[in-house]
Every structure is written in C-alpha cells, then in structure tokens.
C-alpha cells in the first residue's frame, strides 16, 4: 500500500530542528522525581541471532566534520557487540535542515523506507501520530513492555516523562532522547552574556533588573564606545529575553512553540498582551539612545561573531558552548584580560525571580521511530533500550573505557584523545569522532560530559546560573503538545501570517519608524488574522496533554 505523504516545516519548527541536534532537553519535574530513574538495569539482553537494521538520520555538524558516517564510531561498533544488533546508518546528504526535510519527504513519499529513523519529529506536520496513521511507522507500547526494561523502568518511576513520550491516546511512537536522573539535571544551555571585564573595570555589578541593564548598557556606550547590546537575526527578536521581565514572551522560542505561554492554565500569545507595549516602549527608548545594535535586524551569525570577537559589543544572547566557549579565546588573542560571563534573565523588580528562562522538557521530541518496513522490530527496540541502561549510557556519552575515558574516583574522565586531541580537533568534534554525547540521540544524556566539555570557569558558572531558576520556566512553558493534522495546517497558516506581520511592525517600532501607540492597531490586525483561533487550538492541545 502506498503511504500518503504530507510534510511541512512549521514556522517555529525549523529553529527547533536546528537546535535540537546540538542540545539536550531539560527537566519538567522536580529533581527528586527525576532522580528516581537514575539507576536503570545494567544492560539489556542481547539479540539471540545477529541482526542488521538500517537507521536514517541527518548527521550532526560536529560528526559530519570528522566522519563520513556514524558507522565509523567506535561507540557504535561496541554497541553492536553488546546487543548483537548492527545499525547501518544512512544519512541525509544535504547541508541544511531544509535539505534534510526534502530528502525525508522523497524517502517517505516513494515508500522507500529504512528500518528506523532518528530525528526531531516536531518538524513533521501532524507529528508521529500522523506517521503512524499513514502506516509509515509502528507503535511501540507492547514492544517496550516486552523488550525495553530500562526505558520502562524510567517511565514507571517518572510519570511526567511517560506523559511527554506518549501521544494523546497513550500510544508511544519513538524511543526517546532523554535527560533524566542523577546525571540529567542540566536544563538550560543559553542566555544573556556580558563582558565581565568591562563590568569590573567600570565598577558595575552584573545587571538583574531592567533599570540595572539600562545603567550598564549606557556605561558601555559612553565609557567603552561599544555597541552595548548586539543581536543575531537568526534568533528572532533575540532581545526577547527582556520581554520576559514584563511577564510576556516575544517572537523567540522559550519552549516548543514560539510566543505562547501558560498563565494560570490558560494559553496566551505574548505579543497580544498589554504588557507587551511596555516592553516595546523600553526597546524603542534603548534603540534611540544607541543601547541596541542599529543593525540588529540584519546581523547574520558571521557579522555578530565579528562584532563580539573584535571587542565592539558589550552584551548579547548566546550559548555556553558555542558563544562563551568560542568567543572567549578569540577575544583573548588580542585582549588577554577579556572575560565573558553569564547574566541571569532580567526582571523588573529587584528580588523577583525570572520565569521566562530558556529551558526544555526531559523529552525534546528527538527519538528513533521504527518503520513498517522493519522485520526485526523487537531486536531494534531491545538494542536501543541498551542506551537507557547505566552501561549503555556510559558508552553513549563517554565512549570506550581506556580509549576515550578512564574512571577517577569512580567518575568518568575524558582522556587526552578528547581533551587534547592529537589532531587538534575541538572537543565537540573529538567527541563526535568516537561517541555520541553532544547532540540528540535515543538514550540517556549524562551531564558529566558537560562538566568536561565546558572547560572555562565562565562556562561552568554559566551552567549553574542559567539553571538557577529553570524550574520556574515549567510554570509558564507550553507543554510538549501534539496537534492533529488539521490543527497543524490551520495554526501553521495563521502563525506564518502573524509572524510576518509582527516581525515587520515590531522592528519598525523599535527603530522608531512607528509609534508604540500604533501597536494597538497591529494587535487588532493580528486578531483579524484569526490569532484567537490559534490560541484556541493550542489551548485544546494543552488540555488534551494534561489529560494524558
């Protein structure tokens, strides 16, 4: 039977897809609850007979830089020995997420399916539920019950995680990528970054409130002659972290869906709230006073990189690894005293705790699905389940003992093959050459890799600072809902149109080309574009999720 195919990237999904391959998910429950799943059975029973299954997945950039296929990884070869199941990886030949989308579409539409597929399934319209309905994949409930004791133990001990993994009807379609347990507590990986050496030089403290930020940015402009706050257009309206201080979201992703948040159980659209005008008033004022990069709407990543590494920018939104870890050594080549540090998300009143903090759920929608073409489904599930065991998670995150890590006082420590690679590979690429630790893949993450991946003191401090209020995010974050095919089509059209309008109007207001008072008319236009219907769709999906 030829399967029906329908695929469309939602306006927010492309961003999520790009990020998900390089990041891990967070924790939606308490640390105590999550820790229940920290010790899974040691291993999974190996397949009785040797089995070979194909697995299609786009390749992570770090891996693509050092290997032609994940088949080359020593960790993958050892995994096959442990389970008697060999995964034959097939990779997209594209260079962009859009290329991956196209190749996936052709593969499914032609009914030329591999045995399994690993991806961020947020990008598929209707998600894995529709893939199952179309006959592309199979559901895994019974297979997990019989063949995945490690994953089952985690789900039984953590109902909140089981809720995320299941569809609204209780079906399970993917072997998930999870952050859970004693070594899965890091929930955030990005936030505000500032020139700490400038703060020290000027006798200023790290800003917490909007007023303190304004003081610091003015000092950077007047006394350092710098661009106080710079942006990258790749992160939509990426000074949106300031919007959180006003109790709303902007056009940036704080969860799985851009601009939506939860307020006392109700889904709200940030840019349509009255508080949003207060935020716009501040942004317009800052732009007029030269506190925001005048080129914020056109900066690409290379332009922003150049501004930061040349010492022309004082603060920005960035990542612990890709920003603090990359910019610091680049800055110090010309200015040995240069120092970057993380800054807590802004608030309005001193002493308030930020709520709109970058965080994610334990399950980030990255997982391995098993297609209807797979003749060894049980063996496939059994082999994947090994990666949820203590032994399998160690192999996934640290590689082979004696080669890529040794144990010191019972804790895994990377060898010089990773930390001081003889081929001078960056740590991320050195990891990717031998095992799977710094991008989404079925199995458990282990934060102890981050303790070594983040080598700079500023990075280690950033992890703790960003995570300090991460649990607050789960009070406002939209849960990992699943839309029906019809809901996805309808909301995607609305959000695409609304996003285009808002990006244009917000940019005009910030730059002073339009008045803040004019934003009321923009909100009226947004309502005429059926934004209330989009909110209703996500409210319905949220209600379904809460009943799982």
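In my numbering, the protein residues as written are 9 to 556.
Yeah, the Cβ is synthetic: ideal placement off N, Cα and C, and Gly gets one too.
Residue i by DSSP, collapsed to three states: which one?
i           : result
residue 538 : coil
residue 485 : coil
residue 445 : coil
residue 435 : helix
residue 550 : helix
residue 115 : helix
residue 67  : coil
residue 271 : strand
residue 414 : strand
residue 34  : Interpretation of residue 34 is limited by its pLDDT of 33, a score under 50 that renders its predicted location unreliable; no figure is taken from the coordinates.
residue 276 : strand
residue 456 : helix
residue 43  : Any reading at residue 43 is ruled out, since the residue's pLDDT is 37, under 50, leaving its predicted position unreliable.
residue 300 : strand
residue 197 : coil
residue 356 : coil
residue 474 : helix
residue 96  : strand
residue 369 : coil
residue 421 : strand
residue 378 : strand
residue 154 : helix
residue 409 : strand
How many Å lie between residue i and residue j at the Cα?
i           : j           : result
residue 333 : residue 78  : 26 Å
residue 454 : residue 296 : 45 Å
residue 448 : residue 218 : 35 Å
residue 210 : residue 201 : 17 Å
residue 369 : residue 552 : 17 Å
residue 544 : residue 496 : 12 Å
residue 360 : residue 473 : 15 Å
residue 191 : residue 292 : 43 Å
residue 535 : residue 403 : 51 Å
residue 125 : residue 75  : 19 Å
residue 433 : residue 459 : 18 Å
residue 486 : residue 527 : 25 Å
residue 307 : residue 241 : 6 Å
residue 120 : residue 206 : 57 Å
residue 546 : residue 282 : 20 Å
residue 181 : residue 294 : 48 Å
residue 220 : residue 229 : 14 Å
residue 71  : residue 431 : 15 Å
residue 84  : residue 185 : 16 Å
residue 169 : residue 372 : 11 Å
residue 149 : residue 165 : 17 Å
residue 421 : residue 329 : 19 Å
residue 288 : residue 524 : 7 Å
Compare the C-alpha of residue i against each of the options and name the closest.
i           : options               : result
residue 131 : 375, 236 and 204      : 375
residue 275 : 362, 307, 550 and 180 : 550
residue 603 : 198, 363 and 436      : Here the chain comprises residues numbered 9 to 556, so residue 603 is not present and cannot be evaluated.
residue 175 : 141, 191, 156 and 204 : 141
residue 196 : 119, 187 and 451      : 187
residue 442 : 450, 429 and 452      : 429
residue 91  : 222, 386 and 177      : 386
residue 479 : 255, 432, 366 and 515 : 366
residue 452 : 414, 394 and 492      : 394
residue 67  : 311, 117, 127 and 532 : 127
residue 146 : 341, 382 and 110      : 382
residue 198 : 87, 512, 471 and 554  : 471
residue 203 : 492, 326, 548 and 73  : 326
residue 284 : 250, 116 and 86       : 250
Flag this pair as yes or no: are the beta carbons of residue i and residue j separated by less than 7 Å?
i           : j           : result
residue 105 : residue 64  : no
residue 542 : residue 517 : no
residue 484 : residue 269 : yes
residue 97  : residue 61  : no
residue 357 : residue 238 : no
residue 235 : residue 345 : no
residue 488 : residue 172 : yes
residue 539 : residue 505 : no
residue 305 : residue 530 : no
residue 457 : residue 445 : yes
residue 522 : residue 93  : no
residue 225 : residue 299 : yes
residue 377 : residue 155 : no
residue 273 : residue 256 : no
residue 311 : residue 338 : no
Open item on the list: Whether or not the segment 399-409 and the segment 212-222 are in contact is what I'm after, with contact meaning three or more pairs of Cβ atoms, one per stretch, closer than 8 Å; do they touch?
Closed with: The segment 212-222 vs the segment 399-409: no contact.
Open item on the list: For the segment 453-472 against the segment 345-361, do three or more pairs of beta-carbon atoms, one drawn from each stretch, fall closer than 8 Å, so that the two count as touching?
Closed with: yes
Open item on the list: Pairs of beta-carbons, one from the segment 388-401 and one from the segment 426-443, closer than 8 Å: are there three or more?
Closed with: Not touching, per the Cβ criterion.
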